[in-house]
Amino acid sequence: MTPEALRAQFDVLAEAPNGVEKLRELVLRLAFQGRLLGEPSTRVSDGLPNGWAWRTVGDLANAIDSGFACNKQNEVADGYVHLRTHNVGTDGRLNFDLVVRIAPDRVHPERARLQAGDVLFNNTNSQELVGKTCLVDRDYEYGFSNHLTRVRVSDAVAPGYLVRYFNLLLRTGYFASYCNRWIGQAGINSKMLREVTIPVAPIAEQRRILAKVDELMALCDELEAQQQRRAEARVRANRSVLHHLVEASGDEALAAGWERLRENFGVLYDAPEPLAELRQSVLQLAVRGKLVPFDAASCTAPLGEVLAESSLNGIATKPHDGPTGTPILRISAGTARRDGIVEESDHKFLDLDAASIDTYALRPGDLLACRFNGNLRFVGRMSLYTGASGATQVYPDKLIRYRVAPDRADPAYVRHVFNAPDTRRLIEAECATTAGNIGISAERLRTIPIPVPSLIEQRRTIARIDAIMALCDRLDAQLTHARERSARLADSVVHRLTAA
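Under my numbering, think of the first position of the sequence shown as 6, with each following residue one higher.
Structural data, given as structure tokens:
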């Protein structure tokens, strides 16, 4: 293993999902295996290079102290800075965002100073952040919270070396698993911290390792910045192309928009995420009569005018897990699928009499709308029941059933149009919040206007939408498969490079 061998794999790893993060972890793993500098392979029995040793943090520290508590009443506009857990930056440095100050008479003299080379350790936080660590870069007359532990290291270890090792343990979930051993305690006290062991190289080698780590981390930062710039450029280009397509005025501009999309398709859609905006734009084109030409303005009507019967809210009775009884859909059955089809396998059971079953039983072609949810984008969302399960199913009270008149509308068309951005904006404007839930009544949904062209035009629109969505699904599957393949390749490279 040489630095050159690692650099040769950077591109492979960086392009994998979360690749740069994996690279950072790999760099740290190799550093603390004594393999980052192309060292000789000679190792002692405990797996470390000659000259290295396992040491506890307690052995490496001159002092390990927690800070002191400070409540809101002690805060003042002009006083000592009091560092808290969020002031320990994820980049291994202190940050001074949202700093609080406390009255000088509340400062504990022995815990009010930080000096260059101190290490600050998050001893309490959410489990994924316990162990977040930073290096103090200069002397400060600052206090720090009791949720932080100050480690003042001995001459046996470079402070940055300790920070980088804690960073590795944090990335690999070590501290989270450490916390899990202590029931009810999402934190690590000073005694526990003293017992953590780290592989320690000779001090001169520590400094060489830190220099190489910093060099490679800077390269990771640049790779990440490049990826971010490419992603942002792709998002801007995608939105520009789709905006010109959706807002095109006249047949010539619309044709030019489709051509621009076709020419740039492979560039714009080389990742699954941008496809979501394409799907929404297709529905937008449909609702405006641009996917299949019709005059949307002249054929607009409220949903209520295309219904065959009154809407009906579902059953309020609490279901059970079965397996006997009548299947009742869960609320999520109407929102789980991206294509707006009811997920019929997402159900529980109710014990119902024949009259209730007859009243609430769903038929193929029924539309279900969510009338209450904590997520605004699900409220009023329309899904189509196909009856694919072959079972008699009913639905819960947070879903509304609509049945369209077959001579006025195709339910598949109504489902698409109701989920288009133009219609969603109208629906969301009608929503109200009650007791933390967002809702819309069946009556208000009935007033939402939608374009209702002829049945022939509706079915042509459905066919066009379904064809484009199927293309998106195939591309999505290909891209997902490519990402998974890339992830497997990256994992194999990491395994090969870190294997003893």
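The beta carbon of each residue, even a glycine, is placed where N, CA and C say it ideally should be.
Since the model is a prediction, treat every value here as computed from it, not as a measurement.
- In this structure the stretch 204-222 does not touch the stretch 235-255; the number of beta carbon pairs closer than 8 Å is below three.
- Around the Cβ of H500, a 10 Å sphere holds fewer than 16 other Cβ atoms; the residue is exposed.
- Selection L296, G271 and Q233 evaluated against A260 yields L296 as nearest (Cα-Cα).
- Excluding sequence positions up to five before and after D70, its CB lies within less than 6 Å of the CB of R155, all in the same chain and listed in chain order.
- DSSP places W263 within a helical segment (H, G or I) once states are collapsed to three.
- Within the same chain, Y274 and L280 come within 8 Å of L480 by CB-CB distance, once the 5 residues on both sides are set aside.
- Setting aside the 5 residues that flank it on each side, R212 is surrounded in the same chain by A163, each with a C-beta closer than 7 Å to its C-beta; the list follows chain order.
- For V457, the closest C-alpha among the options R293, E200, D471 and L450 is that of R293.
- As the crow flies, the alpha-carbon of A108 is around 22 Å from that of V93.
- Assignment of A66 by DSSP, reduced to helix, strand and coil, places it in the strand class.
- Close CB contacts of R469 within its chain, under the 7 Å cut and outside five residues either way in sequence, are with L296 and V297 (chain order).
- Looking at the backbone, the Cα of G97 and that of C139 are separated by about 4 Å.
- Within the same chain, Cβ atoms closer than 8 Å to the Cβ of T331 are found at F354, L355, D356, L357, I362, T397, Q398 and V399, the five residues on either side in sequence being excluded.
- DSSP, reduced to helix, strand and coil, places I461 within a helical segment of the structure shown.
- Inter-residue distance for A410 and R429 is about 22 Å (C-alpha atoms, whole angstroms).
- When the Cα atoms are used, C436 and N442 turn out to be separated by approximately 10 Å.
- In the displayed model, K353 falls within a strand according to three-state DSSP.
- By the neighbour-count criterion, in which 16 or more other beta carbons inside 10 Å mark a residue as buried, K77 falls on the exposed side.
- Three or more Cβ pairs closer than 8 Å define a contact, and the stretch 443-463 meets that threshold against the stretch 408-425.
- Secondary structure at P324: coil, using DSSP grouped into helix, strand and coil.
- Note that the stretch 320-337 does not touch the stretch 442-452; fewer than 3 beta-carbon pairs, one per stretch, sit closer than 8 Å.
- In the structure shown, the three-state DSSP call for V292 is helix.
- In the structure shown, N92 falls within a helical segment according to DSSP collapsed to helix, strand and coil.
- Taken in chain order, the complete alpha helix (DSSP H) segments of 4 or more residues contained in the stretch 179-264 are 179-185, 195-200 and 208-251.
- Going by C-alpha positions, N424 is about 6 Å away from R386.
- N55 and T61 have their alpha carbons spaced roughly 18 Å apart.
- Considering only R143, F149 and L175, the residue with the shortest C-alpha distance to K137 is L175.
- Counting only runs of 4 or more residues that sit fully inside the stretch 143-173, no alpha helix (DSSP H) segment turns up.
- Scanning G84, W57, A68 and N127 for the CA closest to the CA of T90 turns up N127.
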